[in-house]
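Note that the protein sequences, when read in sequence, are chains A and B. Numbering of the first sequence is given in the working numbering, commencing with residue 158 and proceeding in unit increments. Numbering of the second sequence is given in the working numbering, commencing with residue 1324 and proceeding in unit increments.
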Amino acid sequence: MNKPVNQKAWLLVLPVLICVAFSSILPLMTVVNYSVQDIISPERRVFVGTEWFASVMRDRELHAALARQIVFSLSVLAVEIPLGIALALSMPASGWRASAALVAVALPLLIPWNVVGTIWQIFCRTDIGLLGSAIKALGLEYSYTGDATQAWLTVLLMDVWHWTPLVALLAYAGLRAIPDAYYQAARIDGASRLAVFRYIQLPKIRGVLMIAVLLRFMDSFMIYTEPFVLTGGGPGNATTFLSQYLTQKAVGQFDLGPAAAFSLIYFLIIMLLCFILYNWMQRLGTPGRADK
Amino acid sequence: MFAWMAWTTPVAVFFICMALMLAGMTVWELKRPSTLRKGFLPIATTRGDRLSIGLLTAAYINLAFVGLADRIGASLSLANPPSVWISFVLSMAVLAFIMRRG
């Protein structure tokens, strides 16, 4: 006998749908409208078709910002994911030590983004900052405002400090959800610590790691506040990422048309990369593939 | 009421088509529920997955065409860059191919 489907349940989703429509769908539609017009003033607009898309796609500064952004996001993932897993594995499993470790690890997540930028601005100063003066005491030249590579590494380090705890907490939650029977079976088989990680822990936390990778990728791809406060996008354009470039266009120069076209391209890039990452991580855990 | 959204006719037509497409897919799904299948795409997909992949591919084809239109026009010695309708037709053909064989 077929089970009747209660379609009234959809009514419960309606409030969320209305909220999403107002907060996301309508603004997105507006952005699409702006991307095909030259907005001279709120009352004066000229339809330009795909002209803004063409000009944005030929923009060399945009290409450079995109390259910087991709390298930054991949660096963030390459550092934060292994570091977060290592941190989660080294945290106590239970007792007051576990609670204390969780609070200590979660602290950077509680700090607002602009405050993080200010903290690191002071932290990295060579006259009064702990990190800056420590590097100076070692006899090394350090200037996050004058040297492009050092500015880049400082922004990366700041992001790692701010967001590795998120990966660690997610991985920790995943690790705690593994039933003890798996570890008992591994002990009976005489499995090494590495084998336990490779064949039990890593496959079991794949789900939460996937969320961590997607969250960190999307978040780092949209990074704005921290580098803006720390380096202002400099020196030169060394730490000007996509969102900062977009803000310069939309707010600084009031070029709403090109900024809207650029926003849509940005949206498509994020969608494509997230789709690839999601499917790649899904396939990593499929039977027969992990053992290859 | 919606003057702040700066509507234009082409964008309105685009969103109406998208809404109709989603409504059509919903009705199709209710009438004949989709199953996972493996085509030329490297992953098993449902009908909705193929539509998403197809639309994303179509968007990239149009973007690439718009970005390269000048170069294509110059290499073919055309007086003006080729029309975006060419990329539109091409992208819709790719979308249909992905829906059918993906």
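Positions of the beta carbon are idealized from the N, C-alpha and C atoms, including for glycine.
Using three-state DSSP, classify residue i as helix, strand or coil.
| i | result |
| --- | --- |
| A:Asp346 | coil |
| A:Ile196 | strand |
| A:Val203 | strand |
| B:Arg1360 | strand |
| B:Thr1380 | helix |
| B:Thr1369 | coil |
| A:Glu208 | helix |
| A:Ile427 | helix |
| B:Arg1394 | helix |
| A:Ser180 | helix |
| B:Asn1385 | helix |
Excluding the 5 residues preceding and the 5 following residue i in the sequence, name in chain order all residues of the same chain whose CB lies nearer than 7 angstroms to its CB.
| i | result |
| --- | --- |
| B:Phe1411 | Asn1385 |
| A:Lys293 | Thr283 and Tyr299 |
| A:Tyr329 | Ala245 and Met248 |
| A:Gln226 | Phe378, Phe398 and Leu399 |
| A:Pro265 | Trp318, His319 and Pro322 |
Please classify residue i as buried or exposed, where buried requires at least 16 other C-beta atoms within 10 Å of its C-beta.
| i | result |
| --- | --- |
| A:Pro384 | buried |
| B:Ile1376 | buried |
| A:Thr306 | exposed |
| A:Trp277 | buried |
| A:Gln358 | buried |
| A:His220 | exposed |
| A:Leu287 | exposed |
| A:Gly445 | For A:Gly445, the pLDDT reaches just 49, beneath the cut-off of 50, and the residue's location in the model is therefore unreliable, although a value from the coordinates is still provided. Exposed, because fewer than 16 other Cβ atoms sit within 10 Å of the Cβ of A:Gly445. |
| A:Leu244 | buried |
| A:Pro336 | exposed |
| A:Trp253 | exposed |
| A:Leu230 | Inspection of the sequence shows that residue 230 of chain A is occupied by Ser rather than by Leu. Looking at its Cβ environment, which holds 16 or more other Cβ atoms inside 10 Å, A:Ser230 is buried. |
| B:Ser1414 | buried |
| A:Gly409 | exposed |
For residue i, collect the residues of the same chain with a Cβ closer than 6 angstroms to its Cβ; drop the 5 residues on either side in sequence, then sort them by chain order.
| i | result |
| --- | --- |
| A:Leu421 | Ser192 |
| A:Ile380 | Phe398 |
| A:Ala418 | Ser192, Trp209, Phe210 and Val213 |
| A:Ala255 | Pro249 |
| B:Gly1362 | Arg1424 and Gly1425 |
If residue i and residue j are in contact, beta carbons under 8 angstroms, what's the gap, nearest whole angstrom?
| i | j | result |
| --- | --- | --- |
| B:Arg1373 | B:Gly1425 | 5 angstroms |
| A:Gly414 | A:Asp195 | 5 angstroms |
| B:Met1321 | A:Thr187 | Outside the shown range of chain B, which is 1324 to 1425, sits residue 1321 of chain B, and nothing can be said about it. |
| A:Gln401 | A:Gly391 | 11 angstroms between Cβ atoms; not a contact. |
| B:Val1417 | B:Val1389 | Contact doesn't hold; Cβ gap of about 16 angstroms is too wide. |
| A:Val312 | A:Thr404 | So it is not a contact: roughly 16 angstroms between Cβ atoms. |
| B:Leu1359 | B:Ala1367 | 5 angstroms |
Considering only residues of the same chain and omitting the five flanking positions on each side of residue i, which have a CB-CB separation below 8 angstroms?
| i | result |
| --- | --- |
| B:Met1348 | Arg1370, Gly1371 and Leu1374 |
| A:Pro317 | Position check: residue 317 of chain A holds Val in this sequence, whereas Pro was assumed. The answer, listed in chain order, is Val233, Val236, Glu237 and Leu240. |
| A:Lys406 | Asp412, Pro415, Ala416 and Phe419 |
Determine the chain E residues that contact residue i at a beta-carbon separation under 7 angstroms, and present them in chain order.
| i | result |
| --- | --- |
| B:Leu1399 | The structure shown contains no chain E; its protein chains are A and B. |
Within 8 angstroms: the Cβ of residue i and any heavy atom of the ligand MG?
| i | result |
| --- | --- |
| A:Gly391 | This structure lacks the ligand MG, and indeed carries no ligand of any kind. |
Contained alpha helix (DSSP H) runs [length at least 4] in the region 314–368 of chain A, N- to C-terminal order: 337–345 and 350–353
In chain order, each beta strand (DSSP E) run of at least 3 residues that lies wholly inside the region 210–265 of chain A: none
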